[in-house]
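Chemist: Position 133, counted from 1, in the sequence shown is what my numbering calls 246; the numbers after and before it change by one each time, with no gaps. For every residue, glycine included, the Cβ atom is placed at its ideal position computed from N, Cα and C. Just so we're clear, the structure is a prediction, and the values are computed from it rather than from any experiment. Quick one: the structure is below, questions incoming.
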Amino acid sequence: MPLGVHTSIAGGLFRSAERAAALGCDCMQIFGRNPRSWIYKPLAPDEAALFKAKRAEAGLMKVAVHTNYLINLCSPDDGIYHKSIDIFEKELAIAEAIGADYLVTHLGSPQDMGSEFAIKRVGLALREASRSGLGKKTMMLLENTSGAGYGFGADLEHIGEIISNSAKDGIEAGLCLDTCHSFTAGYSFSTPGEVAGFLSKIDGTAGLGNLKVIHLNDSKGAFGSNLDRHEHIGKGKIGLEAFRLLLNHPAIREVPMILETPKKTDEDDPMNLATVRRLLAG
Ligand SMILES: [Zn+2]
Ligand SMILES: [Zn+2]
Numbered sequence: 114m115p116l117g118v119h120t121s122i123a124g125g126l127f128r129s130a131e132r133a134a135a136l137g138c139d140c141m142q143i144f145g146r147n148p149r150s151w152i153y154k155p156l157a158p159d160e161a162a163l164f165k166a167k168r169a170e171a172g173l174m175k176v177a178v179h180t181n182y183l184i185n186l187c188s189p190d191d192g193i194y195h196k197s198i199d200i201f202e203k204e205l206a207i208a209e210a211i212g213a214d215y216l217v218t219h220l221g222s223p224q225d226m227g228s229e230f231a232i233k234r235v236g237l238a239l240r241e242a243s244r245s246g247l248g249k250k251t252m253m254l255l256e257n258t259s260g261a262g263y264g265f266g267a268d269l270e271h272i273g274e275i276i277s278n279s280a281k282d283g284i285e286a287g288l289c290l291d292t293c294h295s296f297t298a299g300y301s302f303s304t305p306g307e308v309a310g311f312l313s314k315i316d317g318t319a320g321l322g323n324l325k326v327i328h329l330n331d332s333k334g335a336f337g338s339n340l341d342r343h344e345h346i347g348k349g350k351i352g353l354e355a356f357r358l359l360l361n362h363p364a365i366r367e368v369p370m371i372l373e374t375p376k377k378t379d380e381d382d383p384m385n386l387a388t389v390r391r392l393l394a395g
């Protein structure tokens, strides 16, 4: 099973592949650009080629790019909505240029406009961003969220609807499942029965075949708390046993798993990778 971490692009995009290789990763996630800024720098002339060369050298099977956190693909404010689509499209273009397999995005918030509005709005945004032929080489993945406030995307039914509506328009979108967000949004997977129920929920909504990336995070927040606070694997409210059950389930053994756990020291990523490898070994 491909296992990796979200890796820093400090010093250049290609540096992320070197960092992933040093950690023994099979896959990784990166930001394409500064994730908290609207200011947008296009790729430098050699940036994509250098990245691809380093990625090949590192032997990374899958690369995901995570979009800017400011993006709101269902904002009722037209200005923010169109600015978000513009940045999303630029992120998709970067992801395709560097040969990334996936572009992972949060869906944003429709404020008090409700889920039906949000489902339509996100669907239109995906169509708009891919109208110039983008999104064929890099698949757009919708990440489930923890459901804080008016945040949209905590309910797998809603994500499933967007994915199937998009498919009817010939647009391929998939699911990125975050374990912390799932847990605090109210999806439990602490017993074999719960894991089976959770996986069948995913299959009945987004579809297991559309589940392309799993973000591995334990949770500082309690079950159903809607808190989005990541913790080291096994040290939060989800706990080691739930991860052991979920990660070893045959239905998802081949899905790339990427750690987004806290990084306070250089020891944190190796520690979490070692924990997950131990869980997968039985
Ligand atoms: Zn995310
Ligand atoms: Zn995540």
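#1: Given a cut-off of 9 Å, decide if residue 212 and residue 154 are closer than it, judged by their beta-carbon atoms.
#2: Measuring alpha carbon to alpha carbon, tell me which residue in 332, 199, 204 and 157 is nearest residue 146.
#3: Can you give me the C-alpha to C-alpha distance between residue 122 and residue 318, rounded to a whole angstrom?
#4: For residue 170, is the classification buried or exposed, using 16 other Cβ atoms within 10 angstroms of its Cβ as the cut-off for buried?
#5: Return the CA-CA distance between residue 254 and residue 142, expressed in angstroms with no decimal places.
#6: Which residues in the same chain have their Cβ closer than 8 Å to the Cβ of residue 242, if we skip the five residues on either side of it in sequence?
#7: Identify every residue that forms a DSSP beta bridge with residue 179.
#8: Just verifying my parser: in three-state terms, what is the DSSP assignment at residue 294?
#9: Just confirm the distance between the C-beta atoms of residue 218 and residue 270, as a whole number of angstroms; I'd bet it's less than 8 Å.
#10: Leaving out five residues on either side along the sequence, give the residues of the same chain with a beta carbon under 7 Å from the beta carbon of residue 167.
#11: Considering only heavy atoms of ligand 1, does any lie closer than 8 Å to the CB of residue 217?
#12: Residue 371 by DSSP, collapsed to three states: which one?
#13: Thinking C-alpha only, which one of 160, 332 and 362 is nearest residue 374?
#14: Listed by chain order, which residues have C-beta atoms less than 6 Å from any heavy atom of ligand 2?
#15: Could you tell me which uninterrupted beta strand (DSSP E) segments, each at least 3 residues in length, are contained entirely in the stretch 287–372, listed from first to last along the chain?
#16: Just checking residue 354 against ligand 3 - is the residue's beta carbon closer than 8 Å to any of the ligand's heavy atoms?
#17: Taking Cβ positions, are residue 330 and residue 372 nearer each other than 9 Å?
#18: Given the structure, does residue 195 come close to ligand 1, in the sense that its CB is under 8 Å from one of the ligand's heavy atoms?
#19: Checking 9 Å against the spacing of the C-beta atoms, do residue 138 and residue 177 come in under that value?
#20: Quick check: what's the CA-CA separation for residue 124 versus residue 292?
#21: How many angstroms separate the CA atom of residue 344 from the CA atom of residue 300?
#22: Rounded to a whole number of angstroms, what is the C-alpha to C-alpha distance between residue 349 and residue 231?
#23: Is residue 383 closer than 9 Å to residue 116 when the C-beta atoms are compared?
Modeler: Looking at the coordinates:
#1: Going by beta carbons, residue 154 and residue 212 fall outside the 9 Å limit.
#2: Taking only the C-alpha atoms, the option nearest residue 146 is 204.
#3: In this model, residue 122 and residue 318 are separated by some 34 Å (Cα to Cα).
#4: With fewer than 16 other Cβ atoms within 10 Å, it is exposed.
#5: A straight-line Cα-Cα distance of about 13 Å links residue 254 and residue 142.
#6: Residues of the same chain with a CB within less than 8 Å of the CB of residue 242, apart from the 5 flanking positions on each side, are 198, 201, 202, 205, 248 and 253 in chain order.
#7: In the DSSP output, where bridge partners are listed per residue, residue 179 has 144 and 217.
#8: DSSP places residue 294 in helix when its eight states are reduced to three.
#9: With a Cβ gap of about 18 Å, residue 218 and residue 270 do not count as contacting.
#10: Once the five neighbours on either side are set aside, the close Cβ partners of residue 167 are 127, 130 and 131.
#11: Indeed, a heavy atom of ligand 1 lies less than 8 Å from the Cβ.
#12: Residue state, collapsed to three classes: strand.
#13: Here the closest residue by C-alpha is 332.
#14: Going by the Cβ distance cut-off, the answer is 256, 291, 328 and 373.
#15: The stretch 287–372 is shown to contain whole beta strand (DSSP E) runs of 3 or more residues at 324–329 and 370–372, in chain order.
#16: This structure does not include ligand 3; its bound ligands are ligand 1 and ligand 2.
#17: Yes, the pair counts as a contact, with Cβ atoms nearer than the cut-off.
#18: Flag unset: Cβ of residue 195 not near ligand 1.
#19: No, these two residues do not count as a Cβ contact at 9 Å.
#20: Each residue's CA atom was taken as its position, placing residue 124 and residue 292 some 30 Å apart.
#21: Looking at the two C-alpha atoms, the distance is approximately 17 Å.
#22: It is roughly 31 Å from the alpha-carbon of residue 349 to the alpha-carbon of residue 231.
#23: Their beta carbons are not under 9 Å apart, which means residue 116 does not touch residue 383 by this criterion.
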